[in-house]
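Heads up, the sequence shown is in this note's numbering, so the first residue is 2 and it goes up one at a time.
Structure first, then comments.
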Amino acid sequence: MADYQAPLRDMRFVLNEVFDAPALWASLPKIAENVDPDTADAILEEAGKITSGVLAPLNREADEQGCKWNEGEVSTPEGFKEAYQTIVEGGWNGLGGNPDFGGMGMPKTLVAQFEEMMQGANMAFGLAPMLTAGACLALDAHGSQELKEKYLPNMYSGVWSGAMDLTEPHAGTDLGIIRTKAEPNDDGSFNVTGTKIFITWGEHDMAENIIHLVLAKLPDAPKGPKGISLFLVPKFMVNDDGSLGERNQFSCGSIEKKMGIKASATCVMNFDGAKGWLVGEENKGLAAMFTMMNYERLGVGIQGIGAAEASLQSAREYANERIQSRAPTGAQQPEKAADPILVHPDVRRMLLTMKSYVEGGRAFSTYVAQWLDISKYSDNDEQRKHAEGMVALLTPVAKAFLTDRGLDTTIIGQQVFGGHGFIREWGQEQLVRDCRITQIYEGTNGIQAMDLMGRKVVGSQGKLYELFVQDVANFIEENSSDAALKPYLEPLAASLERLSDVTEHVIKQAGDNPNAIGAAAVDYLDMFGYTALAYMWAKTVKAAAPKAEGDTSGFYTGKLKTARFYFDRLLPKTVSLAEGIRSGSDAMMALAANEI
């Protein structure tokens, strides 16, 4: 198993050469003073050292040990507390946080690269800072000034961590039927009672305090999603001077035994009249929670890329070292008993598929992060509104497509190893197990597809979709005279036209057939994702082609050859996906329940 190394060269290429992120940052006054190219590069370099040198070495053994539960207390695997302290001391918890409360105020385009490194190095550990960042985002956007001043500085520093408590045993996707209740007190606080499940890092021994953001219903709340409120519920009460007081009235009832991310505590949390404070307005908790969903769902997509990158690194090293049989064209290393398996076309197919998904996915996650930065920091109302529309459209694609392809990539990486990939010591089977959850949490990928197809595309009658179409069309038109790009622009335009055709088809079908959206959704999201990655690979060719001549490192020429593979072997999947979408819902809805 190769030691994980942060892919800094590729990240710098995506940030600086494909997207020219420094120019974007300089154009946004709200963050221009926080970040410049030198600062960004220093952050990337240090992040690479910490993730590769501190987090990655813990990953294997932590998976073997897992977290331990004992009478409500959760202990983490060996080395986690020390690693967490390293993260805290470096200020990494607050990398993207509000500087007014101790955060560093870095743009998401940069933060996304650190997140990928952390998730690729050690996903189970990386979930802890990820959940804290999400809690901070919701609190910063909706909490009162008093709550922000009291909690955010210690959360950004990592002295306190955060957790998000949404799901209940009977309520997952349908949060409108939650039963957790909040009773008001005379002092403005609330007593929160109920049970939450699947709470990532809801209890642990790494931070002094854990700040839970809990969805609950007030006594006279309307039924359904419009009756949900959000409450801040600390593990330990916080005194007026900032010191910790008595323990609050809730506990961890158990931790789940899981397929993957075993070194992360997935908790059942029992609230028994725990004292909490309202975040935002009454009955608008779901809207407050969705403030951080775009960031969190992109973060989960980035987890898929991180696991895929780790798998690619190991598979690539193994393919160069493992010798089996001779190349079809004759011995490549006659001095050895056999050639490295890298010489075989099928192994090349697997590795290039992995590389296509990883590098295309990294570009796509940065592309979405760019729109998040514009939507958050732009002073131009029209520009900000446009970016918000792009974020709304692209977020479900980023979450679902990147995690679906992430799992595909880890499985392919396991396959490269053959029988050794099935053995735990090589690490590939752990990446498969860990990556699997990314398709499930933060809204299953089927739900993401329904969100894209139903709310974003059909719900807007295609208006949000047209934002993406125009962006791609502008790129094609602006680069129509570029000889290096021409072989890629024509199939990109054809794929975009194919996607637009099925978009129009489903919008029309949805008016008469209630099942049309659900029947098309998953295939549509995949088709959208493959087209979006083709756009990313075209952007990559534009950046790499001028530097490919005389490239002795193989970096730029490798980009061009991988782009060619993507367009020749992977983008054609959109043809079959389109045919499946056009077939409609009849075949899948024809069977009665007892016939399935």
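Cβ atoms here follow ideal geometry from the backbone N, Cα and C, with glycine treated the same way.
Residue 253 is bridged by DSSP to 270. In this structure, DSSP gives residue 381 a state outside helix and strand, which the three-state scheme calls coil. Following the DSSP letters along the chain, one finds residue 538 inside the alpha helix (DSSP H) bounded by residues 517 to 549. Per the Cβ contact rule, the segment 275 to 291 is not in contact with the segment 254 to 263 (fewer than 3 Cβ pairs under 8 Å). Remark: fewer than three beta-carbon pairs, one from each stretch, lie closer than 8 Å, so the segment 184 to 200 and the segment 151 to 159 are not flagged as touching.
A Cβ-Cβ contact shorter than 7 Å links residue 376 with residue 392.
Taking residue 216 as reference, the option from 416, 203, 284, 457 with the minimal CA-CA separation is 284. When only Cα atoms are considered, residue 452 and residue 537 end up about 23 Å apart. Two segments are said to touch when three or more pairs of C-beta atoms, one from each, lie closer than 8 Å; by this definition the segment 437 to 454 touches the segment 521 to 530. DSSP places residue 183 outside any alpha helix (DSSP H); the residue lies instead in the beta strand (DSSP E), whose first and last residues are 182 to 185.
The DSSP-derived three-state label of residue 593 is coil. For residue 247, there is no enclosing alpha helix (DSSP H); the residue is part of the beta strand (DSSP E) that begins and ends at 245 to 248. The DSSP-derived three-state label of residue 264 is coil. Minimum Cα-Cα distance from residue 195 among the listed residues 180, 188, 203 corresponds to 180. Between the beta-carbon of residue 422 and that of residue 431 there is about 11 Å, and that puts the pair past the 8 Å contact cut. Where residue 23 is concerned, the enclosing alpha helix (DSSP H) starts and stops at 22 to 28.
Nearest Cα to residue 42 within the set 112, 89, 104: 112.
C-alpha of residue 435 to C-alpha of residue 317: approximately 20 Å in a straight line. At a Cβ-Cβ threshold of 7 Å, residue 135 and residue 297 count as neighbours.
Look at the segment 283 to 314 and you find no whole run of beta strand (DSSP E) that is 3 residues long or longer. Assignment of residue 193 by DSSP, reduced to helix, strand and coil, places it in the strand class. Within the model, the alpha-carbon separation for residue 562 versus residue 582 is close to 31 Å. Inside the segment 81 to 129, DSSP marks whole alpha helix (DSSP H) runs of 4 or more residues at positions 81 to 90, 109 to 122, from first to last along the chain.
By the beta-carbon neighbour count (other beta carbons within 10 angstroms, threshold 16), residue 174 is exposed.
Excluding residues up to 5 positions away in sequence, 470 lie with their Cβ nearer than 7 Å to the Cβ of residue 501 in the same chain.
The three-state secondary structure of residue 387, taken from DSSP, is helix. Residue 166 carries a strand assignment under DSSP once its states are collapsed to helix, strand and coil.
Judged by beta-carbon spacing, residue 353 lies within the 7 Å limit of residue 566, meaning their Cβ atoms are closer than that value. Between residue 270 and residue 203 the beta-carbon gap is near 5 Å, inside 8 Å, which marks them as a contact. Under the DSSP assignment, residue 233 falls in the beta strand (DSSP E) whose first and last residues are 230 to 235. By the Cβ-count criterion, residue 592 is exposed, with fewer than 16 other Cβ atoms from all chains shown falling within 10 Å of its own Cβ.
Excluding sequence positions up to five before and after residue 413, its CB lies within less than 7 Å of the CB of 351, 354, 355, all in the same chain and listed in chain order.
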